[in-house]
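**Q** Sequential numbering from 1085 applies to the sequence shown in the working numbering. Pasting in a structure now, in structure tokens, and then I'll have a few things to ask.
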Amino acid sequence: MSTASVSDAAQRSSEASRARRSTPPGSGFRGDVEGLRAVAVLSVLAYHAEVDSVTGGYVGVDVFFVISGFLITGLLVRELERHGRVSLLRFYARRMRRLLPATVLVLCTVLALAWLLMSPVERETLFDEVIASALYLVNWQQAAEAVDYSALGTEGSPVQHFWSLAVEEQFYLVWPLLLIAVAWTARRTGPLGGSVRARLGLLLGVGAAVSFWYAIRLTEVQAGAAYFSTATRAWELAAGALLALVPATAWRWSRRTAGWVAAAGLGMIVLAVFYLTDQSTFPAPWALLPVLGTSAVIAAGCAVQDTPVSRLLSLAPVRYVGRISYSWYLWHWPAIVFATIWFAGLSAPLLVAVVVLSWIPAALTHRFVEEPFRRARVLSGNGPSLQLGFACVALPVLLGVLSIWTVPRTPLADSEQARGAEVLTESTALQRSAEAVRPQPEEAAEDRGKVHADGCLADQPDTQSDTCVYGDPSADTTVVLFGDSHAMQYSPALLTLAKQREWRLVVLTKSSCTPSDVTVYNEQFKRAYTECDSWREHSMERIAYENPDMVITGNQPDVTVMRSGTRLDSGQSADAMRQGYAETMRALRSTGAKVVALADNPHPPQDMPSCVSKSMGDLADCAFSREQGLDFERANKQAARQVDGVRLIDPLPVLCPSGECPAVIGSTMVYRNSSHITPAYMNSMLDWLDEKLPNTT
């Protein structure tokens, strides 16, 4: 045989071997990708089971995003190249048949369990979330709530994990349309603008870059909103989609190279799972770790299927978990939430047991719901599948709407009944039950008073307050209310006093921002709350300019203080808060103003409207002890007492008479969540507050 013949044979053998070893991007079944699904879902399950070492298990969602972008784009591009077109109806029909039957089963089960186990207040909120989940819009709802301080005190929703499914479904809705548009323009312009794959790659590359840039920017100012936003997650789906656009002939890695790339990729995912924490800046930039890791594993599998990592991920038990990952993800979180309600809390072993046992409904759903609907011949056509899909969306939406309409409302007490703190001046025993209350528990959370409605509580990203002046603008006496939302909650009574005492009342309040001269850690931003520092500086300048007769200041002292970029522990934070608050009060005293420090109110251990709505017959179930609600109060009081000329006003006697803190006093709800006082009860404290405040003359 000639040298040329030997060379040709070797080349053909090499090409055949490469063909056996490689898989065109996105084509056919990939055992390693199914194994990646198992890694993703087990990470999320372990994280929600609060396994100590799995501090970053939430990155499993990011793994899912990359996989979805890869598989869906591969499917669409193959159809386009084989048939010259993409059938939107067939694509959407397949998605509906694959995803919606299990979804509707879980949502309807959640609705049923909510009626059995949740309070009317909790049910009303949940039913809205179920509707948003069925419409795959719940991530936007959660993005809005993530920056809404009024959500404080609400418990975890049984459907809050649907946010990631909503992001994927929005991708499934929009991406095929963009792909078809690019293909259409390619046919019109010819080869001048490059191939369809090249154009799609350019679109995805630019879109991913913009999305990642936006994710970084939004994470800096509103990390909670950034976590749930489709716009900040699109780059993760685009990463997988870009892999699917790489031609099969481009993957020319050796087995060794592919093996190392796959191992490095899996290592990055594992590192993210065990290294990242709730405090990590997420989704950008730290989501790069699981996204690049997942992309590396998928890319290595596109080049060579037979690597140690692909063999590991393709093991039968691993693939089984990946196969039921969708159903297991759907079921595990409702199981946790409802078990927590049923057992009034879960110990660590019980929590793990609940997560593991949620495999049972997941396996049954996969076997008797997912697979039968996916394979049913009667649903093989586009029409029946689309009809099924619309029915699956409509059913939980309809049930959710009907449920909202039928939630029983707590009777509203009239103004003569709802006397609030006024009854404490009489020999009236504290209420152990009530036929009616004011406000209704169902409305309490949204009732935050006029000052909040006027936009006078600066949002967390703000560094200055709007000019908010109440009472008599031309009055000779100026009073400033300065602090966070726990200071602002006194505004209903102070607005009335401003009229009675002829004050010019200036409101300077900001969400989660203490007047104490310290830098605090912000849970939403996952960093130092520098916006609070700037706001406090501007506010102190404004107070000096106003030259007030009196400054009323208050705050919620349960915060984490940062020093030199490090978060202090609870004891150190309390000491720093005391010292910082004392410094602020000294600065306020130096203006010549009288300074009033409002001691913080006790914090209930639960959401009070929810408790009241289900315990009207025995309100003692909602009461709590003074000690239970005053863990951090001592630092505030100590600060006020160590500065000469500061008057301390402690609301404890009107909130917790006789050693306990009732949920209802004088047929008036005391708390609107697990932290703030209702405007109705604050108004009933008017005479008490009037007596405690000093004269300004």
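Note that the Cβ used here is the ideal one computed from N, Cα and C, for glycine as well. Predicted model only: the values in this text are computed from it and were never measured.
Taking 8 Å as the cut-off, does the stretch 1578 to 1589 touch the stretch 1553 to 1565 (at least 3 CB pairs, one atom from each stretch)?
**A** They touch, by the three-pair rule.
**Q** From the DSSP output, read off the bridge partner residues of Leu1183.
**A** BP columns for Leu1183 are empty, so no partner.
**Q** So, does the stretch 1627 to 1646 touch the stretch 1558 to 1576, judging by three or more C-beta pairs under 8 Å?
**A** As far as the Cβ criterion goes, the stretch 1627 to 1646 touches the stretch 1558 to 1576, which means the pair count is three or higher.
**Q** Compute the beta-carbon to beta-carbon distance between Val1783 and Val1748, rounded to the nearest angstrom, for a pair I have assumed lies under 8 Å.
**A** Because the chain here runs from 1085 to 1781, residue 1783 falls outside it and cannot be looked at.
**Q** Across which residues does DSSP place Lys1594 in a beta bridge pair?
**A** Answer is Ala1542, bridged to Lys1594.
**Q** Would you check if the stretch 1342 to 1349 and the stretch 1373 to 1390 touch, i.e. whether three or more CB-CB distances between them fall below 8 Å?
**A** Because the criterion of three Cβ pairs below 8 Å is met, the stretch 1373 to 1390 and the stretch 1342 to 1349 touch.
**Q** Just curious, the beta strand (DSSP E) that Thr1555 is in, first and last residue?
**A** This sequence places Gly at residue 1555; Thr is not what is there. Its beta strand (DSSP E) spans residues Val1553 to Gly1555.
**Q** How is Gln1458 classed by DSSP in three states: helix, strand or coil?
**A** Checking the sequence, you will find Arg at residue 1458 rather than Gln. Helix, per DSSP.
**Q** According to DSSP, simplified to helix, strand and coil, what is Leu1652?
**A** Leu1652 falls in the coil class under three-state DSSP.
**Q** Hey, Asn1767 and Pro1576 are a contact pair by Cβ (cut 8 Å); roughly how many whole angstroms apart?
**A** Asn1767 to Pro1576, Cβ: 5 Å. Contact.
**Q** Under 7 Å Cβ to Cβ from Ala1267, same chain only, skipping five residues before and after it: list those, please.
**A** Here the set comprises Leu1164 and Val1280.
**Q** In this structure, does DSSP put Leu1565 in helix, strand or coil?
**A** Strand.
**Q** Which two residues bound the contiguous beta strand (DSSP E) that contains Gly1638?
**A** Its beta strand (DSSP E) spans residues Met1634 to Gly1638.
**Q** Please classify Thr1361 as buried or exposed, where buried requires at least 16 other C-beta atoms within 10 Å of its C-beta.
**A** Exposed, since its Cβ has fewer than 16 Cβ neighbours within 10 Å.
**Q** What residues are listed by DSSP as bridge partners for Met1646?
**A** Thr1603 and Arg1651, per the DSSP bridge assignment.
**Q** Would you say the stretch 1423 to 1432 touches the stretch 1247 to 1262, given that touching needs at least three Cβ pairs under 8 Å?
**A** Segments in contact, no.
**Q** Just how far apart, CA to CA, sit Gln1573 and Val1521?
**A** Their backbone Cα atoms lie some 20 Å apart in a straight line.
**Q** When DSSP builds the beta bridges, which residues end up paired with Lys1678?
**A** The partner list for Lys1678 (beta bridge, DSSP) reads Met1634.
**Q** In terms of DSSP beta bridges, what is Ile1749 paired with?
**A** Answer is Thr1752, bridged to Ile1749.
**Q** Report yes if the CB atom of Asn1685 is closer than 7 Å to the CB atom of Ala1529, and no otherwise.
**A** Not in contact: Asn1685 and Ala1529 (Cβ atoms no closer than 7 Å).
**Q** Provide the residue span of the beta strand (DSSP E) that contains Val1696, from first to last.
**A** That residue, Val1696, is in no beta strand (DSSP E); its alpha helix (DSSP H) goes Met1692 to Lys1698.
**Q** May I ask you to report which of helix, strand or coil DSSP gives Leu1732?
**A** Of the three classes helix, strand and coil, the one that applies to Leu1732 here is strand, per DSSP.
**Q** Whole-angstrom Cβ separation of Pro1632 and Thr1551, contact assumed at under 8 Å?
**A** At roughly 14 Å, the Cβ-Cβ gap does not stay under 8 Å, so Pro1632 and Thr1551 are not in contact.
**Q** Starting from the C-beta of Asp1146, find all residues in its chain whose C-beta is less than 6 Å away, skip the five residues before and the five after it, and write them out in chain order.
**A** If we look at Asp1146 and ignore the five residues flanking it on each side, its Cβ neighbours are Glu1320, Ala1371, Pro1374 and Val1375.
**Q** Would DSSP call Ala1446 helix, strand or coil?
**A** Three-state DSSP puts Ala1446 in a helix.
**Q** Can you list, in chain order, the residues of its chain with a C-beta nearer than 7 Å to that of Ala1130? Leave out the 5 residues immediately preceding and following it.
**A** Cβ within range, chain order: Val1138 and Gly1141.
**Q** Just verifying my parser: in three-state terms, what is the DSSP assignment at Leu1589?
**A** The answer is strand: DSSP assigns Leu1589 an E or B state.
**Q** Looking at the structure shown, is Ile1761 part of a helix, part of a strand, or coil, going by DSSP?
**A** Strand, per DSSP.
**Q** Counting only the same chain and skipping the five closest in sequence on each side, list residues whose C-beta sits under 7 Å from that of Gly1237.
**A** With a pLDDT of only 39 at Gly1237, under the threshold of 50, the placement of this residue in the model should not be trusted; the figure read from the coordinates follows. Correct list, in chain order: Asp1691, Asn1757, Ser1758 and Ser1759.
**Q** Measuring straight from C-alpha to C-alpha, what distance separates Ala1310 and Ala1356?
**A** The straight-line gap from Cα to Cα measures roughly 19 Å.
**Q** Rank Ala1542, Thr1780 and Ser1699 by C-alpha distance to the C-alpha of Arg1731 and give the top, closest one.
**A** With distances taken between Cα atoms, Arg1731 lies closest to Thr1780.
**Q** Can you tell me which residues form a DSSP beta bridge with Phe1708?
**A** Paired residue(s): Cys1745.
**Q** Could you give the DSSP three-state label for Arg1169: helix, strand or coil?
**A** Coil.
**Q** Alpha carbons only, please: which of Gln1548, Thr1314, Val1453 and Val1754 is nearest the one belonging to Gln1226?
**A** Checked all of Gln1548, Thr1314, Val1453 and Val1754; the closest Cα to Gln1226 is Thr1314.
**Q** Using only the alpha-carbon positions, how far apart do Thr1333 and Leu1326 sit?
**A** Cα-Cα distance, rounded: 15 Å.
**Q** To the nearest angstrom, how far is it from the Cα of Trp1337 to the Cα of Ser1394?
**A** Between Trp1337 and Ser1394, the C-alpha separation is close to 15 Å.
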